[in-house]
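Chains as they are written, first to last, in the working numbering: chain A, 6 to 390; chain B, 492 to 953.
The C-beta atom is built at its ideal place from N, Cα and C for all residues, glycine as well.
A quick note: this is a predicted structure, and the numbers were derived from the prediction, not measured.
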Amino acid sequence: MHATKALEEADRLMTVCNSCRYCEGLCAVFPAMELRRAFTDGDLNYLANLCHSCGACYTDCQFSPPHEFNVNVPQTLAKVRNDSYKLYVWPRALAPLFERNGLAISLIAALSVGIFFFGLMAFNDPAVMFGVQTGPGAFYRIMSHNAMAGVFGAAFFYAIAALIMGFRMFWRDIGETRETLTNGVSVWQAMKDTMALRYLDGGGPGCFNEDERPTDRRRLYHHMTFYGFFLCLAATSTATLYHYLLGMEAPYTWYDLPVILGTFGGIGLVVGPAGLIWAKLKRDPALRDENGRSMEMAFVVMLFLVSVTGLLLLILRATPAMGTMLALHMGFVFGFFMTMPYSKFVHGIYRFGALVRYAKERRALHEPTPSKAKALSIPDAKAGA
Amino acid sequence: MTRRYDVLVVGGGNAALCAAISARRSGASVLVLEGAPKFYRGGNTRHTRNMRCAHDAATEILTGPYTEEEFWEDLLRVTGGQTDEELARFMIRESKEILNWIVEQGVRWQPSLGGTLSLGRTNSFFLGGGRAMLNALYFTAERLGVDVLYDAEVVDLDIRDGMFHSATVAYGGQRHEVHAASLVAAAGGFEANIEWLKQYWGDIAENFLIRGTPYNRGSVLKMLLDKGVQKIGDPTQCHAVAIDARAPKFDGGIITRLDCVVFGIVVNKNAERFYDEGEDLWPKRYAIWGRLVAAQPDQIAYIIFDAPSLEMFMPSLYPPIKADSIAELAGKLGLDPQALETTVETFNGAVRPGTFDHTILDDCRTEGLTPPKSHWARPIRNAPFYAYPVRPGITFTYLGTRVNKEARMIMADGRPAANMFAAGEIMAGNVLGKGYAAGIGMTIGSVFGRVAGREAAKNACN
Chain A
6 MHATKALEEA DRLMTVCNSC RYCEGLCAVF PAMELRRAFT DGDLNYLANL
56 CHSCGACYTD CQFSPPHEFN VNVPQTLAKV RNDSYKLYVW PRALAPLFER
106 NGLAISLIAA LSVGIFFFGL MAFNDPAVMF GVQTGPGAFY RIMSHNAMAG
156 VFGAAFFYAI AALIMGFRMF WRDIGETRET LTNGVSVWQA MKDTMALRYL
206 DGGGPGCFNE DERPTDRRRL YHHMTFYGFF LCLAATSTAT LYHYLLGMEA
256 PYTWYDLPVI LGTFGGIGLV VGPAGLIWAK LKRDPALRDE NGRSMEMAFV
306 VMLFLVSVTG LLLLILRATP AMGTMLALHM GFVFGFFMTM PYSKFVHGIY
356 RFGALVRYAK ERRALHEPTP SKAKALSIPD AKAGA
Chain B
492 MTRRYDVLVV GGGNAALCAA ISARRSGASV LVLEGAPKFY RGGNTRHTRN
542 MRCAHDAATE ILTGPYTEEE FWEDLLRVTG GQTDEELARF MIRESKEILN
592 WIVEQGVRWQ PSLGGTLSLG RTNSFFLGGG RAMLNALYFT AERLGVDVLY
642 DAEVVDLDIR DGMFHSATVA YGGQRHEVHA ASLVAAAGGF EANIEWLKQY
692 WGDIAENFLI RGTPYNRGSV LKMLLDKGVQ KIGDPTQCHA VAIDARAPKF
742 DGGIITRLDC VVFGIVVNKN AERFYDEGED LWPKRYAIWG RLVAAQPDQI
792 AYIIFDAPSL EMFMPSLYPP IKADSIAELA GKLGLDPQAL ETTVETFNGA
842 VRPGTFDHTI LDDCRTEGLT PPKSHWARPI RNAPFYAYPV RPGITFTYLG
892 TRVNKEARMI MADGRPAANM FAAGEIMAGN VLGKGYAAGI GMTIGSVFGR
942 VAGREAAKNA CN
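Given below as structure tokens:
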């Protein structure tokens, strides 16, 4: 027996898929499944977080609905995956945040923006807030650098701590050990698979979103979001180094490294999330987990708002709107950090962990062990049609 | 449908799409009429997984070589010589090119999975299976401008003196007449038409399970034969395997197959063994058990085995029936406990010691037992005991239309038809008089589909 209905259904499907195996060339989920005959909750949570939701197995399956076997792996694993986020959340009391995530994140974001506005206005006199500020330290006339570093540092480290605690729960649930994470070969393989989004290609032609015609758009948008995010992170890190090591105060000119990194990252983080929102709206309802929808939407909308306000701040920083844009941008960034461990952001962490485990399992299969001998003894029956 | 097409393709599976694409690429306007709704498009191709093609050297996806001569010998062996040698050799030669041609139509082969699973030397596997392959073919056909209608059933054909004039199609609640210069019939066999099967098999056909689409009712085949196309093949010949008796009547597909015969014994409803379970290696043993079970009372049999064998074969859809004793197992299966115990004990007593290896014809066998179990015989004595009930599962039928190397139908009087071509299961009997070798149905479909489309286009544009 399993803990939830979604897990029960996932177990049923894995039994069906294991007796078919036509999909084994599409992604990592099916080869991982083939290593097992029975599935614990942890196994199913592992498989669910290994799934990139490319939809190929649904489009290719002769037993998908309306067939009476009703095989819908992407939707079922999406449900299991979304449930798993609640299961691993830290602190546990915040698990309900995933329930109506869209509403929660909007409220937290709005609240953060409000607090920053109110805080800055109360702290500053209107002449500074709505005046034109230029030259080094312009931002800090609105809010001091130490206050900024303190507030955002605290939010950031809280998010990191909560994410680490969540990952520990995940890792324990799927029955993995610390040693797996210290295995360089597995981790490096997982990093390559992550950076290429290897399993979002539907086995080659692209993923399936609105119909049976494959495209590579979701991977493109996801890449723009993913790399955009890291460029923005790099921009902030470089700026921190500039400040503390070189004593150079923001804002920087357009050709300075933090601005260049931030601009490219920001553009990626506008186009990417916009594309993902568009793809989500067009996605075949049969592939979606309705309950996870608000969470996915809230997360990409949040990313979009963080980057739009960031770019606007860059464009308007020499005008009287600078103070307002700064408050807006800081509000959204703060809200983003606070909600990171309770948003779709966690999928990247758990998926990476699942990929590390898969890399390890795959390698084990190549070594001469009894389990390999068993796997090799089975497939002669699979050629039958 | 009011416009006149160059080529009308009836059917929507691999052969039909290969014909449509090849006709379109030859410059013809093409209409495909698929009798099934969109989800069920493609007939039995939905349930296939691989194709057998000759090749002279190893490729990315195949170890090699698999020569034309070896393919021919394999075909000769499974058909027992019931094949048209000229057509068969033609198909085998063309199959080499099909391996690449089909990729050019958007179909993807599964790459070798890092050496964990041996993909073999003779068969290429479709990435994602048969439905993925079909999706790719439909995508290509639509991009090329082939018109496709679903839920479009051909209910009549106007054929006079070996020449096709028009087809009557039931579509959208109305009847339409479709005119075309050439016809390609690629509408499958009649395995889903139980009434028709009963004409040859008698009432026992009621107990057959149909592994594939419920839409292969053979209506186009029947029309063609009624209108003077020459018949080929034995109507009782079909590809039949023993599948789980709990499978749905139609469309259970690959996941209802069981390949555990070799690990135990098979008894009928009287708890008696009836055939040598250890006769031969897969795939032969896979292909014969459907007919064997069809010959048993009530067309049902039970594969009985014990605990050590449970995880030695592919997992299957339904769990095995499990019991702590043979008598209890018999009770659960509705068999006479005494009779089953006697059968198992007699079998156990006849087993001679040997070294078990299910990947080769090993030396574990029975002595003084009728029928014998010539290989892989091990006593069944370790609880728990397991059983799978099995019934004949029909994959496809071999009765069809005679064709020549151009895939052109031959009329009953021996003359080639003026503008009618056939491809796929509807003419498979030309090549495959009986028996089966994995992936050969897809070879027939692609090779003759491609030829039929090309020839039909040539015919139309003349």
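Straight-line spacing of the CA atoms in residue 580 (chain B) and residue 663 (chain B) works out to 43 Å.
Around the CB of residue 829 (chain B), fewer than 16 other CB atoms lie within 10 Å, so the residue is classed as exposed. Judged by their CB atoms, residue 883 (chain B) and residue 698 (chain B) are nearer to each other than the 9 Å cut-off. Around the Cβ of residue 249 (chain A), a 10 Å sphere holds fewer than 16 other Cβ atoms; the residue is exposed.
For residue 65 (chain A), the neighbours in chain B by C-beta distance under 8 Å run, in chain order, 619, 620, 622, 623 and 626. Among the residues of chain B, those whose CB is under 7 Å from the CB of residue 61 (chain A) are 619, following chain order. A Cβ-Cβ separation of about 6 Å places residue 222 (chain A) in contact with residue 284 (chain A) under the 8 Å criterion.
In the three-state scheme derived from DSSP, where H, G and I count as helix and E and B as strand, residue 866 (chain B) is classed as coil. Under the criterion of beta carbons closer than 8 Å, residue 886 (chain B) and residue 702 (chain B) qualify as touching, at roughly 5 Å. Contacts between residue 806 (chain B) and chain A, judged by CB atoms closer than 8 Å, involve 20, 23, 24 and 42 in chain order. Taking 9 Å as the cut-off, the beta carbon of residue 506 (chain B) is found no closer than this to the beta carbon of residue 521 (chain B).
One Cα belongs to residue 226 (chain A), the other to residue 933 (chain B), and the distance between them is close to 38 Å. Your pair residue 332 (chain A) and residue 125 (chain A) checks out as a contact, with CB atoms roughly 5 Å apart and the cut at 8 Å.
In the same chain as residue 143 (chain A), and ignoring 5 residues on each side of it, the C-beta atoms closer than 6 Å to its own belong to 256, in chain order.
Of all residues in the segment 745-760 of chain B, the ones placed with a Cβ closer than 8 Å to any Cβ belonging to chain A are 745, 746, 748 and 750, in chain order. Cβ proximity to chain B below 9 Å picks out 68, 69, 70, 71, 72, 73 and 74 from the segment 68-80 of chain A. Closer than 7 Å at the C-beta level to chain A, one finds these residues of the segment 583-601 of chain B: 599 and 601. Excluding its 5 nearest sequence neighbours in each direction, residue 689 (chain B) has C-beta neighbours in its own chain below 6 Å: 696, listed in chain order. Annotated three-state conformation of residue 888 (chain B) is strand, per DSSP.
9 Å or more divides the Cβ of residue 810 (chain B) from the Cβ of residue 873 (chain B).
In summary, the residues of the segment 515-548 of chain B whose CB is separated from some CB of chain A by less than 8 Å are 530, 537, 538, 539, 540 and 541, in the order they occur in the chain. In this structure, the beta-carbon distance from residue 336 (chain A) to residue 110 (chain A) does not fall below 9 Å. Between residue 218 (chain A) and chain B, the shortest Cβ-Cβ separation is below 9 Å. The C-beta of residue 789 (chain B) has fewer than 16 other C-beta atoms within 10 Å across all chains shown, which makes the residue exposed. Straight-line measurement puts the Cα of residue 676 (chain B) at about 12 Å from the Cα of residue 893 (chain B). Per the C-alpha coordinates, the member of B:536, B:519, B:648 and B:949 positioned closest to residue 899 (chain B) is B:949. According to DSSP, residue pairing for residue 546 (chain B) in a beta bridge involves B:557. The beta carbon of residue 880 (chain B) does not come within 9 Å of any beta carbon belonging to chain A, so the residue lies off that interface. Taking 9 Å as the CB threshold, residue 29 (chain A) lines the interface with chain B.
In chain order, 556 place their CB closer than 6 Å to the CB of residue 547 (chain B), counting only its own chain and leaving out the 5 sequence neighbours on each side. Pairing residue 752 (chain B) with residue 764 (chain B), the inter-Cα distance amounts to about 12 Å.
At a cut-off of 9 Å between C-beta atoms, residue 210 (chain A) counts as an interface residue with respect to chain B. The shortest C-alpha to C-alpha distance from residue 32 (chain A) to any of A:232, A:206 and A:150 is the one to A:206.
The segment 154-170 of chain A makes no contact with the segment 23-30 of chain A, as fewer than three CB pairs between them are under 8 Å.
Straight through space, the alpha carbons of residue 80 (chain A) and residue 495 (chain B) are spaced by roughly 44 Å.
Residue state for residue 900 (chain B) is assigned as strand, using DSSP reduced to three classes.
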